[in-house]
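Under our numbering, the residues of the sequence shown are numbered 1 to 248, in order. Each residue gets a CB set at the ideal place from its N, CA and C atoms; glycine is no exception. Please read these numbers as outputs of a predicted model, since none were measured by experiment. Each remark here refers to the structure printed beneath this line.
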Amino acid sequence: MYRTVIVDLDRTLLRTDKTISEYSVRVLRELRERGALLFVATARPERAITDYLKLVDFQAWTTLNGARTITPSEVFEDAIAGDSAAGILEQLASVDGAVISLETDDGIYSNVDIPLWEPKVETDLGAVSLAHRVYKIIVSHPTIPLDKLPVEMPSDVYCSVADGKLMQVMSAEATKWNGINEMLGAFGISPSEAVYFGDDNDDVEPIRLCGRGVAVSNALDCVKAVADAVAGSNDEDGVARYLEEMWG
Numbered sequence: 001m002y003r004t005v006i007v008d009l010d011r012t013l014l015r016t017d018k019t020i021s022e023y024s025v026r027v028l029r030e031l032r033e034r035g036a037l038l039f040v041a042t043a044r045p046e047r048a049i050t051d052y053l054k055l056v057d058f059q060a061w062t063t064l065n066g067a068r069t070i071t072p073s074e075v076f077e078d079a080i081a082g083d084s085a086a087g088i089l090e091q092l093a094s095v096d097g098a099v100i101s102l103e104t105d106d107g108i109y110s111n112v113d114i115p116l117w118e119p120k121v122e123t124d125l126g127a128v129s130l131a132h133r134v135y136k137i138i139v140s141h142p143t144i145p146l147d148k149l150p151v152e153m154p155s156d157v158y159c160s161v162a163d164g165k166l167m168q169v170m171s172a173e174a175t176k177w178n179g180i181n182e183m184l185g186a187f188g189i190s191p192s193e194a195v196y197f198g199d200d201n202d203d204v205e206p207i208r209l210c211g212r213g214v215a216v217s218n219a220l221d222c223v224k225a226v227a228d229a230v231a232g233s234n235d236e237d238g239v240a241r242y243l244e245e246m247w248g
C-alpha cells in the first residue's frame, strides 16, 4: 500500500512552460483529501517553489538536491564545508568565461548578472563562501564541456549535471535520496510505501529505491532503464494521469 507521492518538479510535474495544469492540481488535491502525503524533491531552492507549494498542499519538500529539507517538525541542512567551497571557487576563478553561482543561506550570488535568477553579483565568490553557508555551487561555460573543466573536486562533495548544461556541486551528504529519507522519517513512513516520479540523473537513486519508481516519457534513458513504469510526458500531465489510474 502506497501512502506517499514524491515528485520532482522541472520536466516531471511541471510542464515545459513551468506551470502545473488544473487537471494535475485537481488530481493531487484529491489524493491529499483521500489521505495520501505529497512531497517535493527538487534541485530548486525554496524561494523558487513557493508558488507551487501554495497551489498544491505539499507536506514536505527537499530542495537544492537534498541540501535543505523542510518538514513540519524540523529543517535539515547539508552545506558544503567552507574550506572545500573556497578551494573549488579558487580553481574556478581561473577559468575564463566560467559562469559561477552560489546558493547560500543568504540567497543566490553569481559572478555575472543572470536576470532570470536575480543574483547578488559578486566578483569574489570565495569571500562569500567564507561568510555564508554554501548549499550548492552551479557552473556553466559557453565552450568548455562541463566534464573538461580544470577543477579537482575534494572528496566531501559530488557533482551532478542538470538539463545537460549546468554542473551542480553539493556536499556528499546532500542528495535527493537523503532528503527523501529525512521527509519520510519525519512522518514514520518506509520508502517501500512511497511512489516517486522523476526525469533526470539525480532521480535515478530515488526511482530505484522507493516502493515504486516512475519515469516520465521525456526522462533520460538512464532514468527509464531503472524505473518500474514509464508515465506520459510532463506536457501530457503524465504524473497526474498515472496517479489517477493507479489510485482509481
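- Item | Contacting residues, own chain, Cβ-Cβ under 8 Å from Ile180 (five flanking each side not counted) | Excluding sequence neighbours, Ile180 sits near Ile6, Phe39, Ala41, Thr62, Gly66, Pro191, Ala194, Tyr196, Pro206, Cys210.
- Query: When the distance is taken between beta carbons, is Asp199 closer than 8 Å to Thr16?
  - Reply: No, Cβ-Cβ distance for Thr16 and Asp199 is not below 8 Å.
- Query: With Thr104 and Arg133 assumed to form a contact (beta carbons below 8 Å), what rounded beta-carbon distance in angstroms separates them?
  - Reply: A Cβ-Cβ distance of about 6 Å is found for the pair Thr104 and Arg133, placing them in contact under the 8 Å criterion.
- Message: Using the three-state DSSP reduction, which class does Leu125 fall into: helix, strand or coil?
- Response: Helix.
- Take Asp113 and list the residues in its own chain whose beta-carbon comes closer than 6 Å to its own, dropping the five residues that flank it on each side. Val121, listed in sequence order.
- Could you give the residue range of the beta strand (DSSP E) that holds Cys159? The continuous beta strand (DSSP E) containing Cys159 extends over residues 157–162.
- Query: Grouping DSSP H, G and I as helix and E and B as strand, with all else coil, what is Ser140?
  - Reply: Reduced to three states, the DSSP call for Ser140 is strand.
- Message: What would DSSP say about Lys120, mapped onto helix, strand or coil?
- Response: Lys120: strand per DSSP, three-state reduction.
- Item | Close Cβ partners of Phe76 (< 6 Å) along its chain, the five nearest in sequence each way excluded | Non-local beta-carbon contacts of Phe76 in its own chain, meaning distances under 6 Å to residues more than five positions away in sequence, involve Thr69, Glu182 in chain order.
- Nearest to Thr123 by alpha carbon, out of Ile144, Glu74, Asp96? Residue Asp96 holds the alpha-carbon nearest to the alpha-carbon of Thr123 among Ile144, Glu74, Asp96.
- Item | Short Cβ contact (8 Å threshold) for Val139 with Leu149 | In this structure, Leu149 lies closer than 8 Å to Val139 by Cβ.
- Message: Which residue marks the beginning of the alpha helix (DSSP H) containing Arg208, and which one marks its end?
- Response: 204–209 is the extent of the alpha helix (DSSP H) around Arg208.
- Query: Whose CA, out of Arg34, Ala86, Ser21, Ser73, lies closest to the CA of Phe55?
  - Reply: First, the residue type needs correcting, since residue 55 is Leu and not Phe in the sequence shown. Of the listed residues, the one whose Cα sits closest to Leu55 is Ser21.
- Task: Confirm, please, whether the CB-CB distance from Ala98 to Leu92 is below 8 Å.
- Result: Closer than 8 Å, so yes.
- May I have the straight-line CA-CA distance separating Ala129 from Gly35, to the nearest angstrom? Residue identity differs from the one stated: residue 129 is Ser in this sequence, not Ala. Pairing Ser129 with Gly35, the inter-Cα distance amounts to about 42 Å.
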